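Written out below as structure tokens is the structure these notes cover.
There are 2 protein chains.
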Amino acid sequence: MNVRPTSNSISAVVDALKDMLGQRCSTSEAVLHAHGKGESWHPPELPDCVCYPDDTGEVSRIMTLCHEHKVPVIPFGVGTSLEGHTLAPLGGVSIDLTRMNAVLEVNAEDMDCRVQAGVTRKALNTFIRDTGLFFPIDPGADATIGGMTATRASGTNAVRYGTMKDNVIGLTFVNAAGEVVRTGGRARKSSAGYDLTRLLVGSEGTLGVITDVALKLHGLPEAMMAARATFPDLDSAIQTVIGTIQMGIPVARIELVDSTYIDAINDYSKTDYPVRDTLFLEFHGTENYVEEQTDLFSEIAAEFGGSDLERARREEDRNHLWQARHDAYWAILAKYPGKEGFTSDVCVPISKLAEIIHYVREKLESSFLESHIIGHAGDGNFHMIFCIDPDDKTQTDEVYRINALMVEKAIEMGGTCTGEHGVGTGKLKYLRLEHGDEAVAMMQAIKQAMDPENILNPMKTVTI
Amino acid sequence: MNVRPTSNSISAVVDALKDMLGQRCSTSEAVLHAHGKGESWHPPELPDCVCYPDDTGEVSRIMTLCHEHKVPVIPFGVGTSLEGHTLAPLGGVSIDLTRMNAVLEVNAEDMDCRVQAGVTRKALNTFIRDTGLFFPIDPGADATIGGMTATRASGTNAVRYGTMKDNVIGLTFVNAAGEVVRTGGRARKSSAGYDLTRLLVGSEGTLGVITDVALKLHGLPEAMMAARATFPDLDSAIQTVIGTIQMGIPVARIELVDSTYIDAINDYSKTDYPVRDTLFLEFHGTENYVEEQTDLFSEIAAEFGGSDLERARREEDRNHLWQARHDAYWAILAKYPGKEGFTSDVCVPISKLAEIIHYVREKLESSFLESHIIGHAGDGNFHMIFCIDPDDKTQTDEVYRINALMVEKAIEMGGTCTGEHGVGTGKLKYLRLEHGDEAVAMMQAIKQAMDPENILNPMKTVTI
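Respectively, the protein sequence lines represent chains A and B. Residue numbers for the first sequence follow my numbering, beginning at 55 and rising by one. Residue numbers for the second sequence follow my numbering, beginning at 55 and rising by one.
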């Protein structure tokens, strides 16, 4: 079913969209190129045009038109996807949702809000900064809430606050036929029928175009403490993470950064952190309780040889520490000028984290590639970053080979091929290995039922 | 599509099941009666036979047979359903899963486990009591994990630990064709494809028969504090709840019990609690932190006229306090000998909780029914209990009328017709009002795709 629409269909759709949207439908080469790629490297695939709707009604009209002509639609936020979700392998219409950037409602008393899909996570937090609430999910990039919902994103706070799956309470989407469907409500919990909200979260634009999202917000804790501790090796750091989680310390963040990363961060962010395997942490609670949690953590870390514990209490010190962590990806890229980043993203039961890292490092000993490890260790999720020349097939082949080894090992351990980046095109080939034929057949049946013409972000997530 | 199978089909299936299972397939009247009802009152509807499989393979063989003959299948745990999920309106085969009661694995280091569907929540907690871990979800009854998963159950701990949606990490189910499908994995998070796990959670046996479930476990907190405080009226209690949640106090339980319930509890549980509107609470953390949380709560409660704060630190005192809360339903039933309980279950944004309770109480002023309110107030979820004579149509009509008023108001407020009990047959008629035609059409499309013959628990949740 994965065939390009005819050029007649494309022309008909593009002409009609230009009539409908005027300059908000573009076919400029530069715009097509900006929308035929994501943040991590994949061979670009350009759409035939890019639309910039203003509201759900316009998305519905675009979708109805594309449905009539069987032309693919690819939702697009700010292009920070890492697994090729925004590519247009069959051409079609890229729907850029960045003009839909309004915060529609904030209900401080109920700690929820509703935003258009194009609002970014930072814009949302800026908007609500006077309410005493915050939205915790923080993938590295300042992604849109729509994109984060579609990819079931998470980030450093997931160990305490969950992922998008746990924080989306409802959403509006436009289905393949152009109809507007609303899921969920404002109740904190519900047993009323199939969980369409959770089905759309992580569906990557293949079941509908998400146009607005209702989110849980969380109370800003009375006190926060950031901390950093270094370890003789990754094993000791990981054992400390396991001990911390098992003690029931409700750590808000617990991030693993390997020594090569620290080296790059020191260069990039002008820090002078000891070049050792490191944990970055954050504790939320009352003044007393964050001190108590940090003390408890410190005892566990000491048992495993941890040292150099640095505490950051003041907001500026905490921000400084976390800015360094958030800059990590750019810090590594800066070490390899002219190269592009390729990011792996497996997640395993936390007891297997040390084992899989050993396994991959051993495999890498005979490789010409250098790797760098960063991880949301509290969730058993880590990324290995490779900086490569995408035009050099030896390099791309090698990165795919290592990535495959890692994914297969993670799945063998009961883990997943993607902890937070999504399937897109990059992980498509591993879905059957992870879930089995029966579960993939069920996903296909759902896709078939919701999008029989296969026009919603085709060739991503689940193929039919 | 909701037609009874022919008597020939039924005979063929029952004969084959008796061959397959021997005495583990029963057609005794007493057994059929025990399986044609749930815990809350609905007119009973009997299955044609009841099977007791020992493993997933047997469930698969039963399902394959029923599929071949187009005979309905109704999964059954311990029958504590409150919305008619276990009724057999078209007859068919009730699959009683209570023999499948093995804990399959406990991974203490990763804080997860896998259990067969027939394990009850209390049996699981007994099994893992030496691991330092616990499973927090606690509907009133000692329900099976399979039933709790199928109905997306929750209970008193949901405000802190979430519902079944948040605690099921994967599951195995048998689909309409008898195939065994496995969803999810052991990773703490994943973005790998459609969230089939969450689609099955809350699907009430209409998409498949759940045979085993992988669950998150949680570390037993170092310290727990239970507490009880009384208030001049429900409003003050609810304002205290809102203040507590908004302050970010990570309360583990915060339960509202009205004065009429307290009166019944005093009689039933031999307590001497002040007969006032009351909050029951629990705090989890370190020794210092639970005291600190209780102090903070106490200050908020005092602002709203709360008094009589009683703290329970020792395990036996805590258990005593919570036993009284858990006995509440039986305490009310004991006040009305010979009557049956009818339980409502709406959930609203917490800011609307006082308003909806006022609204319903006002409507009840002109009613001959007495009502009693108990609620998981931290989630905006409450139950009104009515004790009625199910053979008196005036009483059943009146309870349906009041329930409808309550549900309609909750939905108007952005809430849901069921916070935790499920749709079953009881809430079927409200699904469209709550979700809209487009969302219900999507649920129907999924049901149609997964169960085209409509043999999986037909006439429940979503009808096709």
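Ideal placement from N, C-alpha and C gives every residue a C-beta, glycine not left out. The model shown is predicted, which means the values in this text are computed figures rather than measured ones.
#### Entry: Boundaries (first-last residue) of the beta strand (DSSP E) holding Gln103/B
Indexing the second sequence from 1 puts residue 103/B at position 49. Per the sequence presented here, residue 103/B reads as Cys, with Gln not at that position. It spans Cys103 to Cys105 - the beta strand (DSSP E) in which Cys103/B sits, taken as one unbroken run.
### Query
Can you list the alpha helix (DSSP H) stretches of 4 or more residues lying completely in the stretch 92-180 of chain A, in chain order?
110-123
### Message
Quick check: does the Cβ of Val228/A come within less than 8 Å of any heavy atom belonging to the ligand MG?
### Response
Absent from the structure shown: the ligand MG. Ligands present: none.
### Task
Could you tell me whether the Cβ atoms of Val400/A and Phe436/A are closer together than 9 Å?
Counting from 1 along the first sequence, the entry for residue 400/A is found at position 346. Counting from 1 along the first sequence, the entry for residue 436/A is found at position 382. Yes. Within cutoff.
### Message
So, at 6 Å on beta carbons, what are the nonlocal neighbours of Ile500/B in its own chain, with the 5 sequence-adjacent residues on each side left out?
### Response
Locating residue 500/B in the second sequence gives position 446, where the first residue counts as 1. Answer for Ile500/B: no residue qualifies.
### Task
Could you give the DSSP three-state label for Glu394/A: helix, strand or coil?
To locate residue 394/A, count along the first sequence from 1; it is residue 340. DSSP places Glu394/A in strand when its eight states are reduced to three.
### Task
Evaluate Tyr327/A with the Cβ neighbour count: other Cβ atoms within 10 Å of its Cβ, from every protein chain shown; 16 or more gives buried, anything less gives exposed.
As a working note, residue 327/A is residue 273 in the first sequence. Classification for Tyr327/A: buried.
### Asn435/B - DSSP class collapsed to helix/strand/coil
Working through the second sequence from its first residue, we reach residue 435/B at position 381. Of the three classes helix, strand and coil, the one that applies to Asn435/B here is strand, per DSSP.
### Query
Interface residues of chain A around Arg372/B at Cβ under 7 Å?
Stepping through the second sequence from its first residue, residue 372/B is reached at position 318. None at all; the shortest Cβ gap to chain A is about 17 Å.
### Query
Is the Cβ of Pro190/A closer than 9 Å to any Cβ of chain B?
The sequence position of residue 190/A within the first sequence is 136, counting from 1. Output row for Pro190/A: interface = no.
### Task
Spell out a yes or no on whether the stretch 463-478 of chain A and the stretch 391-411 of chain A are touching, meaning 3 or more CB-CB pairs, one atom from each, closer than 8 Å.
Because the criterion of three Cβ pairs below 8 Å is met, the stretch 463-478 of chain A and the stretch 391-411 of chain A touch.
### Message
Quick check: what's the CA-CA separation for Tyr322/B versus Glu466/B?
### Response
As a first step, residue 322/B must be located in the second sequence, where it is residue number 268. As a first step, residue 466/B must be located in the second sequence, where it is residue number 412. About 37 Å.
### Query
Helix or strand or just coil, what does DSSP make of Asp362/B?
Indexing the second sequence from 1 puts residue 362/B at position 308. Three-state DSSP puts Asp362/B in a strand.
### Query
Can you give the Cα-Cα distance for Phe130/A and Gly201/A, rounded to whole angstroms?
Mapped onto the first sequence, residue 130/A falls at position 76. Mapped onto the first sequence, residue 201/A falls at position 147. Taking the straight line joining both Cα atoms gives about 7 Å.
#### Entry: Local conformation of Gly273/B per DSSP, three classes
On the second sequence, residue 273/B is found 219 positions in, with the first residue counted as 1. For Gly273/B, the three-state secondary structure derived from DSSP is strand.
### Message
I want to verify the contact list: residues of chain A whose CB lies under 8 Å from the CB of Cys167/B, in sequence order.
### Response
As a first step, residue 167/B is located in the second sequence; it is residue number 113 there, counting from the start. Per Cβ cutoff of 8 Å: no residues; Cys167/B is ~12 Å from chain A at best.
### Message
Given a cut-off of 9 Å on the beta-carbon distance, is the pair Leu144/B and Gly92/B in contact?
### Response
In the second sequence, counting from the first residue as 1, residue 144/B sits at position 90. In the second sequence, counting from the first residue as 1, residue 92/B sits at position 38. Gly92/B is positioned such that its CB atom lies no closer than 9 Å to that of Leu144/B.
### Message
Can you check which of these residues, Lys447/A, Asp433/A and Val461/A, is closest to Val526/A by C-alpha distance?
### Response
Since the first residue of chain A shown is 55 and the last is 518, residue 526/A is not available in this structure.
### Query
Closer than 7 Å, Cβ to any Cβ of chain B: which residues of the stretch 415-439 of chain A, in chain order?
Asp433, Gly434 and Asn435
### Message
Can you confirm whether Asn161/B, when its beta carbon is compared against all beta carbons of chain A, has any partner nearer than 9 Å?
### Response
For this step, residue 161/B is matched to residue 107 along the second sequence. Chain A contact via Cβ: present.
### Query
In its own chain, which residues sit with a C-beta less than 6 Å from the C-beta of Ala378/A, not counting the 5 before and 5 after it?
As a working note, residue 378/A is residue 324 in the first sequence. Hits under 6 Å: Ile319, Ser323 and Thr325.
### Task
Could you tell me whether any Cβ in chain A is nearer than 9 Å to the Cβ of Leu158/B?
To locate residue 158/B, count along the second sequence from 1; it is residue 104. Judged by the 9 Å Cβ criterion, Leu158/B is not in contact with chain A.
### Query
Can you list, in chain order, the residues of its chain whose CB lies under 7 Å from that of Ile308/A, leaving out five sequence neighbours each side?
Within the first sequence, residue 308/A is the residue found at index 254, counting from 1. Cβ neighbours of Ile308/A beyond the five flanking positions: Val213, Val295, Thr298, Leu333, Leu335, Ala431 and Gly432.
### Task
Compare the beta carbon distance of Val516/B and Gly247/A with 9 Å and say whether it is the shorter of the two.
By one-based count along the second sequence, residue 516/B stands at place 462. By one-based count along the first sequence, residue 247/A stands at place 193. Going by C-beta atoms, Val516/B is nearer than 9 Å to Gly247/A.
### Task
Check the Cβ of Arg367/B against every Cβ in chain A and list those closer than 9 Å, keeping chain order.
Translated into the one-based positions of the second sequence, residue 367/B becomes position 313. Neighbours of Arg367/B on chain A: none; closest Cβ ~18 Å, over 9 Å.
### Query
Which residues in chain A sit within 8 Å of Cys401/B, going by Cβ to Cβ distance?
Position 347 of the second sequence, counting from 1, holds the residue named residue 401/B. What Cys401/B touches in chain A: Ala241, Arg242, Lys243 and Ser244.
### Message
I'd like the list of long-range same chain contacts for Arg252/B, defined as Cβ closer than 7 Å, with 5 residues on each side in sequence excluded.
### Response
Your numbering for residue 252/B matches position 198 in the second sequence. In its chain, beyond the 5 residues on either side, Lys219 have a beta carbon closer than 7 Å to the beta carbon of Arg252/B.
### Query
Between the C-alpha atoms of Gly273/A and Asn161/A, what's the straight-line distance to the nearest angstrom?
What you label residue 273/A is simply residue 219 of the first sequence in a count that begins at 1. What you label residue 161/A is simply residue 107 of the first sequence in a count that begins at 1. Roughly 12 Å separates the two Cα atoms.
### Message
Per the DSSP calculation, Asp331/A is bridged to which residue(s)?
### Response
Taking the first residue of the first sequence as 1, we reach residue 331/A at position 277. Answer is Phe285/A.
### Same chain, Cβ closer than 7 Å to His380/B, neighbours up to 5 away in sequence not counted
On the second sequence, residue 380/B is found 326 positions in, with the first residue counted as 1. Contacts found: Gly194.
### Message
With a threshold of 9 Å between beta-carbons, can His475/B be considered close to chain A, or not?
### Response
One-based indexing of the second sequence puts residue 475/B at position 421. For His475/B, the answer is yes, since a Cβ of chain A falls inside 9 Å of its Cβ.
### Task
Could you tell me whether the Cβ atoms of Leu271/B and Thr185/B are closer together than 9 Å?
Within the second sequence, the letter at position 217 stands for residue 271/B. Within the second sequence, the letter at position 131 stands for residue 185/B. Closer than 9 Å, so yes.
### Task
If I'm right that Arg78/B touches Cys105/B with Cβ under 8 Å, what's the distance once you round it to whole angstroms?
Here residue 78/B corresponds to residue number 24 of the second sequence, with the count starting at 1. Here residue 105/B corresponds to residue number 51 of the second sequence, with the count starting at 1. Right, their Cβ atoms sit about 6 Å apart.
### Candidates Gly111/B, Gly256/B, Trp95/B and Lys124/B: closest to Thr19/B by CA position
With chain B covering 55 to 518 only, the question about residue 19/B has no answer from this structure.
#### Entry: CA nearest to the CA of Trp95/A, picked from Leu71/A, Glu163/A, Asp446/A and Leu350/A
Within the first sequence, the letter at position 41 stands for residue 95/A. Of the candidates Leu71/A, Glu163/A, Asp446/A and Leu350/A, the residue whose Cα lies closest to the Cα of Trp95/A is Asp446/A.
### Task
Evaluate Tyr454/B with the Cβ neighbour count: other Cβ atoms within 10 Å of its Cβ, from every protein chain shown; 16 or more gives buried, anything less gives exposed.
By 1-based counting over the second sequence, the position of residue 454/B is 400. Label assigned to Tyr454/B: exposed.
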